[in-house]
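Visitor:
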Amino acid sequence: MGQRFSLSLRFRFFAVLGGVLIVAMVALAAISKWLIFPALKAEERTAVQRELDRATRSLELNQESLLAQAQDWAHWDDTYQFIEGSYPRYAEVNFSQQMFEDMNYHLMAFFTLQGEVHFLAGLEPTTGRYQTCTAAVGPCAWMAPWVDTMQSAIATQVAPMAMYIEQWPALVAASHILHTDESGPPNGWLFKVRALDDAWLERMTDYTGLSLSLQVEPFAAAHSTELTFSGDQVTASHLFAAYGTSEAVSLTIELNRVQYLANLTTFRYLLVWTAGLMLLVIGLVLFLLERMVLKPLRQLTAFTQFAGQFDDSEGLTERRDEIGLLSRAFREQLACQHQLNAELLRMSTHDALTELPNRRLFDQRLTAAVNQATQEVAPLAVMMLDIDHFKLYNDGYGHQQGDECLKRVAAALQDVASRHGFFIARTGGEEFSALLPGVTSQHAKTLANALVDAVDQLHLRHERSPVCEHVTISVGIGMLDDSEASLPSAIMTTADQALYLAKAQGRHCVILFEPSLVSCPISKQNTPS
Ligand SMILES: Nc1nc2c(ncn2[C@@H]2O[C@H](COP(=O)(O)OP(=O)(O)OP(=O)(O)O)[C@@H](O)[C@H]2O)c(=O)[nH]1
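Going from the sequence shown to our numbering is simple: count from 1 and add 1086.
1. Is ASP1489 near ligand 1 - that is, is its Cβ less than 6 Å away from at least one heavy atom of it?
2. Taking 7 Å as the limit between beta carbons, can you name the residues of its chain near SER1575, skipping five residues before and five after?
3. Assign ASN1273 to one of two classes, buried (16 or more other C-beta atoms within 10 Å of its C-beta) or exposed (fewer than that).
4. How would you write the range of the beta strand (DSSP E) that CYS1219 sits in, first residue to last?
5. Helix, strand or coil: which one does DSSP assign to TRP1162?
6. Does the distance between the C-beta of HIS1594 and the nearest non-hydrogen atom of ligand 1 fall short of 6 Å?
7. Of all the beta strand (DSSP E) runs that stay within the bounds of the region 1157 to 1203, which reach a length of 3 or more residues?
8. Determine, using beta carbons only, whether ARG1136 and LEU1380 come nearer to each other than 7 Å.
9. Is the number of C-beta pairs between the region 1297 to 1312 and the region 1321 to 1339 that are closer than 8 Å three or more?
10. At a cut-off of 6 Å, would you count ASP1472 as near ligand 1, judging by its Cβ distance to the nearest heavy atom?
11. Whole angstroms are fine: how far does the CA of LYS1531 sit from the CA of THR1460?
12. Which residue wins for smallest C-alpha separation from ASN1342, given the options ASN1457, VAL1134 and VAL1106?
13. Quick one: Cα of ALA1498 to Cα of SER1602, how far?
14. Counting only the same chain and skipping the five closest in sequence on each side, list residues whose C-beta sits under 8 Å from that of VAL1361.
15. How many whole angstroms separate the CB atoms of ALA1584 and PHE1599, which I take to be in contact at a CB cut-off of 8 Å?
16. For ARG1140, which three-state DSSP category applies?
17. Quick check on the burial criterion: 16 or more other C-beta atoms within 10 angstroms. Buried or exposed for TRP1162?
18. Just reading off the alpha helix (DSSP H) that ASN1069 is part of, what are its end residues?
19. Exposed or buried, TYR1586, counting other C-beta atoms within 10 Å across all chains shown (16 or more means buried)?
20. How long is the line joining the alpha carbons of MET1290 and ALA1230, rounded to whole angstroms?
21. Mind checking whether VAL1468 and ALA1581 have CB atoms under 7 Å apart?
22. Please go through the same chain and pick out, in chain order, the residues whose beta-carbon is closer than 8 Å to the beta-carbon of TRP1254, but skip the five residues on each side of it.
23. How should ARG1098 be labelled, buried or exposed, when 16 other C-beta atoms within 10 angstroms of its C-beta is the threshold for buried?
24. Which residues does DSSP list as the beta-bridge partners of VAL1553?
25. Is VAL1053 helix, strand or coil by DSSP?
26. Below 8 Å on the Cβ atoms is my contact criterion, and I expect ALA1207 with ALA1177 to pass it. Report the Cβ-Cβ distance as a whole number of Å.
27. Figure out for me which residue from SER1551, ASP1139, GLY1482 and VAL1561 has the closest Cα to the Cα of SER1310.
28. Is ASN1041 near ligand 1 - that is, is its Cβ less than 6 Å away from at least one heavy atom of it?
29. Classify PHE1353 as helix, strand or coil using the three-state DSSP reduction.
30. By the three-class DSSP mapping on this structure, what secondary structure does LEU1103 have?
31. Let me know if SER1609 comes out buried or exposed under the rule of 16 or more other beta-carbons within 10 Å of its beta-carbon.
32. What span of residues does the beta strand (DSSP E) with LYS1278 cover, start to end?
33. Based on the DSSP secondary-structure assignment, which residues constitute the bridge partners of PHE1518?
34. Here's the rule I'm using: 16 or more other beta-carbon atoms within 10 Å means buried, otherwise exposed. How should GLN1611 be labelled?
35. By how many angstroms is the C-alpha of HIS1529 removed from the C-alpha of VAL1553?
36. Between PHE1181 and MET1194, what straight-line distance do the alpha-carbon atoms span, to the nearest angstrom?
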């Protein structure tokens, strides 16, 4: 049973389907892992990089704006005169705490072309108080590190825009001092410093809408941009190299990963739904397959296996699909086979010329009848009939006419047998045998004479017959009681002997076997040929 199932179409289909399902699931997992998830991550990286670029660009714009303001101040006749010493009230007129706070300056430094300090003004970082000096000493001592860096820049190379790190990180813009029409010669340097402090960060946060922070850390050009993902947060930072130091300012933005996590959730939902839908569809297909194909196929298989007892209670042959077609074809084939079998059976048990049962069937019936008669201790008669001088008939009228004669005689004999309910067969060329269970010898004689009469009644001309001018038959009767052994062959022998005597006694007669008759003399003329 197990082996039959493992070879069945159903098993193979389920096995293949299971395999396909597993491959599909693995493919789905692989696509998710190596295509979808990386694509989602790449999209998130791009979005984060875009935000970082926006923050970086804001800082650079701020720096450019500081440079523009520095140049605006430096290219001005008043400033030119101030550095020449011909405008002593310059600072008093132009500088104030309010101006520094409004413009967001922390330090303005004026230098001669040789780098000597001319004037310093700024907001002291711890107290926020406005101070002016001509040297970075006393209340302006906090400016000293800045002044040193600026002086070393003047001595080497001044960067118009730069990031400085002293007490705190700051944007620095520097410009030559020129006339208002930007004519020279240059008369000194102006440096403006804007601290990147909490207030600046607050303003940038308002401006960009991003959560920003700044840290000072060692500069590593190879990693100037860095993205770090953790949980539902992502941080991205960009390093700005500081002037004259190996340190850098890292501008960092912090973003939540709402979009990415939402995309991820949506994709996972899609994945689960796709897998679920796939299973549902496969389940449905299997259900329909079972109902529409596999079950009818099983019924058809049962039908073909037990075709002999098939009853179409499932209505297979009524179906209008391929199963119905197959069932009808099979049913027709089966009917044809039954017909052929019946024909074969008939051919094997009946004589083709006369259509009477043949010797094979007669022998089967005889054996059964002898057994039954022996068991029931009932009488049983058998007859052997033979057409008289049939050779002469053939010689006179031809073999074909002989066949016709045989058919007419057989039909007449069968007619009598049917009427009296006994069995008759053609057991030889022109020889017939009859089987009469439960018939006594007297009754058998009567029936034998009826057979002789029936043939006489045909009036088939037989001019060459020395017996009669028409076809006649002789009959020998044997009784089971008279046979030496209760065997089919024994009773037939008695009938045969009786027939022999009938022929010997002139033919066209009926002889009932009696043991005493066996020793009777027989005339030469009537000896059977
Ligand atoms: N036409 C035809 N003749 C057959 C058939 N079967 C046997 N015969 C012929 O029947 C004849 C039987 O001849 P015999 O056995 O000599 O017997 P008989 O001529 O009938 O003589 P008795 O039996 O002694 O009266 C033979 O000539 C066979 O050829 C058959 O199917 N058709």
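No residue lacks a Cβ here, since even glycine has one placed at the ideal position from N, Cα and C. Please read all numbers here as calculations on a predicted model, not as lab measurements.
Guide: For this structure:
1. By 1-based counting over the sequence shown, the position of residue 1489 is 403. Answer for ASP1489: yes, Cβ within range of ligand 1.
2. Taking the sequence shown and counting its residues from 1, the one referred to as residue 1575 is at position 489. Around SER1575: no qualifying Cβ.
3. Counting from one through the sequence shown, the residue named residue 1273 turns up at place 187. Label assigned to ASN1273: buried.
4. What you label residue 1219 is simply residue 133 of the sequence shown in a count that begins at 1. 1216 to 1219 is the extent of the beta strand (DSSP E) around CYS1219.
5. Working through the sequence shown from its first residue, we reach residue 1162 at position 76. Coil at TRP1162, not helix or strand.
6. The residue you call residue 1594 lines up with position 508 of the sequence shown. Checking every heavy atom of ligand 1 against the Cβ of HIS1594, none is found closer than 6 Å.
7. 1193 to 1197
8. Locating residue 1136 in the sequence shown gives position 50, where the first residue counts as 1. Locating residue 1380 in the sequence shown gives position 294, where the first residue counts as 1. Cβ distance not < 7 Å, so ARG1136 and LEU1380 don't count as in contact.
9. Contact between the region 1297 to 1312 and the region 1321 to 1339 is present, because at least three Cβ pairs lie under 8 Å.
10. Along the sequence shown, one-based indexing puts residue 1472 at 386. Yes.
11. For the purposes of this step, residue 1460 is taken as residue 374 along the sequence shown, with counting starting at 1. For the purposes of this step, residue 1531 is taken as residue 445 along the sequence shown, with counting starting at 1. Looking at the two C-alpha atoms, the distance is approximately 21 Å.
12. Walking along the sequence shown from the start, residue 1342 turns up at place 256. Among ASN1457, VAL1134 and VAL1106, the Cα nearest to that of ASN1342 belongs to VAL1134.
13. As a first step, residue 1498 must be located in the sequence shown, where it is residue number 412. As a first step, residue 1602 must be located in the sequence shown, where it is residue number 516. Their backbone Cα atoms lie some 32 Å apart in a straight line.
14. Taking the sequence shown and counting its residues from 1, one reaches residue 1361 at position 275. Here residue 1361 turns out to be Ala, not Val, going by the sequence shown. Once the five neighbours on either side are set aside, the close Cβ partners of ALA1361 are MET1111 and LEU1114.
15. For the purposes of this step, residue 1584 is identified with residue 498 of the sequence shown, where counting begins at 1. For the purposes of this step, residue 1599 is identified with residue 513 of the sequence shown, where counting begins at 1. With 8 Å as the limit, ALA1584 and PHE1599 qualify as a contact, their Cβ atoms being about 4 Å apart.
16. Translated into positions along the sequence shown, residue 1140 becomes position 54. Three-state result, ARG1140: helix.
17. If you number the sequence shown from 1, residue 1162 lands on position 76. It is buried - the Cβ of TRP1162 has at least 16 other Cβ atoms within 10 Å.
18. Because the chain in this structure spans residues 1087 to 1615, residue 1069 falls outside the shown range and cannot be described.
19. Locating residue 1586 in the sequence shown gives position 500, where the first residue counts as 1. TYR1586 should be labelled buried.
20. Translated into positions along the sequence shown, residue 1290 becomes position 204. Translated into positions along the sequence shown, residue 1230 becomes position 144. About 28 Å.
21. One-based indexing of the sequence shown puts residue 1468 at position 382. One-based indexing of the sequence shown puts residue 1581 at position 495. For the 7 Å CB-CB criterion, VAL1468 and ALA1581 form a contact.
22. For the purposes of this step, residue 1254 is taken as residue 168 along the sequence shown, with counting starting at 1. For TRP1254, where only same-chain residues beyond five positions count, the Cβ hits under 8 Å are PRO1211, ALA1281, LEU1282 and ASP1283.
23. Here residue 1098 refers to the residue found at position 12 of the sequence shown. Classification of ARG1098: exposed, given that the 10 Å Cβ count is below 16.
24. To locate residue 1553, count along the sequence shown from 1; it is residue 467. Partner(s): none; VAL1553 has no beta bridge.
25. Any question about residue 1053 goes unanswered here, given that the chain covers just 1087 to 1615.
26. For this step, residue 1207 is matched to residue 121 along the sequence shown. For this step, residue 1177 is matched to residue 91 along the sequence shown. Sure, about 7 Å apart at Cβ, within 8 Å.
27. Taking the first residue of the sequence shown as 1, we reach residue 1310 at position 224. Comparing C-alpha distances from SER1310 to each of SER1551, ASP1139, GLY1482 and VAL1561 shows the shortest one belongs to ASP1139.
28. This structure cannot speak to residue 1041, because the chain is shown only from 1087 to 1615.
29. Sequence index remark: in the sequence shown, residue 1353 carries index 267 (1-based). Correct three-state label for PHE1353: helix.
30. By one-based count along the sequence shown, residue 1103 stands at place 17. DSSP places LEU1103 in helix when its eight states are reduced to three.
31. Position 523 of the sequence shown holds residue 1609. Since pLDDT at SER1609 reaches only 43, below the 50 mark, its modelled position is unreliable, and the value read off the structure follows with that caveat. Exposed: under 16 other Cβ atoms inside 10 Å.
32. For this step, residue 1278 is matched to residue 192 along the sequence shown. Note, LYS1278: beta strand (DSSP E), 1275 to 1281.
33. Numbered from its first residue, the sequence shown carries residue 1518 at position 432. In DSSP, PHE1518 forms a bridge with LEU1471 and ARG1512.
34. Looking up residue 1611 in the sequence shown gives position 525. Note that GLN1611 scores 41 on pLDDT, short of 50, meaning its location in the model is unreliable and no value can be drawn from it.
35. Counting from one through the sequence shown, the residue named residue 1553 turns up at place 467. Counting from one through the sequence shown, the residue named residue 1529 turns up at place 443. Rounded to whole angstroms, VAL1553 to HIS1529 spans 26 Å at the Cα level.
36. Stepping through the sequence shown from its first residue, residue 1181 is reached at position 95. Stepping through the sequence shown from its first residue, residue 1194 is reached at position 108. Looking at the two C-alpha atoms, the distance is approximately 10 Å.
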